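Residue numbers (this note's numbering): 13 to 72.
Idealized CB from N, CA, C, for every residue including glycine.
Since we're looking at a predicted model, the values are computed, not measured.
Written below as structure tokens is the structure these notes are about.
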């Protein structure tokens, strides 16, 4: 599946983008930085879990 570091960076970018979109579409207008940090953290963990599953599934 390629270089593992590239995949880890891709999951971090995925987490930041999804966290930003989630924060942008939320109705909350005050205190958005904590929401952004929490949602980015969660989406990054989800991305890492998906990456780990793909590595396990494809045997890399």
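Coil, strand or helix - residue i by DSSP
i, result
"residue 50", "helix"
"residue 27", "helix"
"residue 43", "coil"
"residue 64", "helix"
Cut-off 7 Å between Cβ atoms - residues of its own chain near residue i, not counting five sequence neighbours on either side
i, result
"residue 35", "44, 47, 48 and 51"
"residue 65", "none"
6 Å CB neighbourhood of residue i in its chain, flanking five on each side removed
i, result
"residue 59", "23, 26 and 27"
"residue 19", "63"
Sub-9 Å separation of residue i and residue j beta-carbons
i, j, result
"residue 32", "residue 54", "no"
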